[in-house]
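Since the structure comes first, as structure tokens, the remarks are kept for the end.
Number of protein chains: 2
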Amino acid sequence: MVTTQFSGSAEDADISRADSLAREIFSDVANKWALLIIETLGERTLRFTELRGALEGISHKMLTQNLRMLERNGLLVREVHPTVPPRVEYTLTEPGQALRATVDLMCGWTRRYIGHIEESRRRFDA
Amino acid sequence: MVTTQFSGSAEDADISRADSLAREIFSDVANKWALLIIETLGERTLRFTELRGALEGISHKMLTQNLRMLERNGLLVREVHPTVPPRVEYTLTEPGQALRATVDLMCGWTRRYIGHIEESRRRFDA
DNA sequence: CTGGATCCAGTATGATACTG
DNA sequence: CAGTATCATACTGGATCCAG
Numbered sequence: 021m022v023t024t025q026f027s028g029s030a031e032d033a034d035i036s037r038a039d040s041l042a043r044e045i046f047s048d049v050a051n052k053w054a055l056l057i058i059e060t061l062g063e064r065t066l067r068f069t070e071l072r073g074a075l076e077g078i079s080h081k082m083l084t085q086n087l088r089m090l091e092r093n094g095l096l097v098r099e100v101h102p103t104v105p106p107r108v109e110y111t112l113t114e115p116g117q118a119l120r121a122t123v124d125l126m127c128g129w130t131r132r133y134i135g136h137i138e139e140s141r142r143r144f145d146a
Numbered sequence: 021m022v023t024t025q026f027s028g029s030a031e032d033a034d035i036s037r038a039d040s041l042a043r044e045i046f047s048d049v050a051n052k053w054a055l056l057i058i059e060t061l062g063e064r065t066l067r068f069t070e071l072r073g074a075l076e077g078i079s080h081k082m083l084t085q086n087l088r089m090l091e092r093n094g095l096l097v098r099e100v101h102p103t104v105p106p107r108v109e110y111t112l113t114e115p116g117q118a119l120r121a122t123v124d125l126m127c128g129w130t131r132r133y134i135g136h137i138e139e140s141r142r143r144f145d146a
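These protein sequence lines map, in sequence, to chains A and B. No gaps in the numbering here: position 27 of the first sequence is 47 in this note's numbering, and each next residue is one more. No gaps in the numbering here: position 46 of the second sequence is 66 in this note's numbering, and each next residue is one more.
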């Protein structure tokens, strides 16, 4: 990944820069709420409050922070309708949709191994 | 996922229990270090110190914590060789390997969109 | 409705020292 | 080498209040 490592040439500086950037992106994206937002927004465009309801358990602040972060990375777009009261909609971009595909797989993985894991935990906790 | 929701029947309790378990698993797994460990260990069995070297930036404590958590969930096995000095090896299980496949995709995603993202960030930060 | 700002508690994390 | 325990600290995340 992340550890791309071809090295040896004169572009070492570029490579390590790209690596650290990849790390940074990975750290941004590889967190519970970010992935859950991507997953939820994958199905359809949602407003702030709708999203918050769908996520269940996320705080106002967390949602805002993560949305800003995802917007900054270009994974979603924020559309403000200048009405009153304001109406703001969040939509996944193409990169966001692409990421969503991988999140779907993780969700599928969870469903598939949930039994395994529950059993493993029982054994471990004993 | 996570939001499985068939509902309506008498097994609602079971379903919501499964959902909360799925949530829990997802929270465990969807974090930077856990995924990076899975990814690194995917290539081959490693010892504690090797793993720590490969990850670069992780503290002794964080590594231990995450390894315990992954072991508890049955994503990897911890093999202790009773020699002196001790030798402990960590290997991905089948569920672990399966998860690794999805992490690989995330890594691929990062590589593919790293340019997009860098550009998006520049625009956003202005 | 959306979201920024602030305050504060709880937790995560790192450094260090110690054991087998 | 691997791992635990302890401690100090930074940071995260939640609650609340205010504004457009």
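The beta carbon of each residue, even a glycine, is placed where N, CA and C say it ideally should be. Computed from a predicted structure; not experimentally measured.
Q.
Restricting to Cα atoms, I'd like to know which of B:E99, B:T113, B:T111, B:Y133 is closest to A118 (chain A).
A. B:Y133
Q: Following the continuous alpha helix (DSSP H) through T119 (chain B), name the residue where it begins and the one where it ends.
A: This sequence places Leu at residue 119 (chain B); Thr is not what is there. It spans 114 to 144 - the alpha helix (DSSP H) in which L119 (chain B) sits, taken as one unbroken run.
Q. Name the chain B residues that come within less than 8 angstroms of K81 (chain A), Cβ to Cβ?
A. Those within 8 angstroms of K81 (chain A) in chain B number zero; the least Cβ separation is about 18 angstroms.
Q.
Relative to the C-alpha of C127 (chain A), which candidate in A:E59, A:E99, A:L112, A:E109 has its C-alpha closest?
A. A:E59
Q) Would you say Y133 (chain A) faces chain B, with C-beta separation under 8 angstroms as the test? A) yes
Q: Classify A121 (chain A) as buried or exposed, calling it buried when 16 or more other Cβ atoms lie within 10 Å of its own Cβ.
A: exposed
(Q) Assuming L41 (chain A) and E114 (chain B) are in contact, meaning their beta carbons sit under 8 angstroms apart, how far apart are those beta carbons, in whole angstroms? (A) L41 (chain A) to E114 (chain B), Cβ: 33 angstroms. No contact.
**Q.** L95 (chain B) - DSSP class collapsed to helix/strand/coil
**A.** coil
(Q) Mapping the DSSP letters down to three states, classify A38 (chain A) as helix, strand or coil. (A) helix
Q. Between the segment 93 to 105 of chain A and the segment 73 to 92 of chain B, do three or more beta carbon pairs fall short of 8 angstroms?
A. no
Q) Is it the case that the Cβ atoms of Y110 (chain B) and T65 (chain B) are separated by a distance below 8 angstroms? A) yes
(Q) Between B:A146, B:R131, B:E44, which has its C-alpha nearest D39 (chain A)'s C-alpha? (A) B:R131
(Q) What would DSSP say about T103 (chain B), mapped onto helix, strand or coil? (A) coil
Q.
If contacts are defined as beta-carbon pairs under 8 angstroms, then S140 (chain A) and G94 (chain B) qualify, I think. What distance do you get, rounded to the angstrom?
A. 3 angstroms
Q: For I78 (chain A), decide whether its Cβ has a neighbour in chain B, counting only Cβ atoms nearer than 8 angstroms.
A: no
Q. Just the Cα atoms here: how many angstroms apart are L96 (chain B) and D34 (chain B)?
A. 27 angstroms
**Q.** Limits of the unbroken alpha helix (DSSP H) element including T60 (chain B)
**A.** 52 to 63
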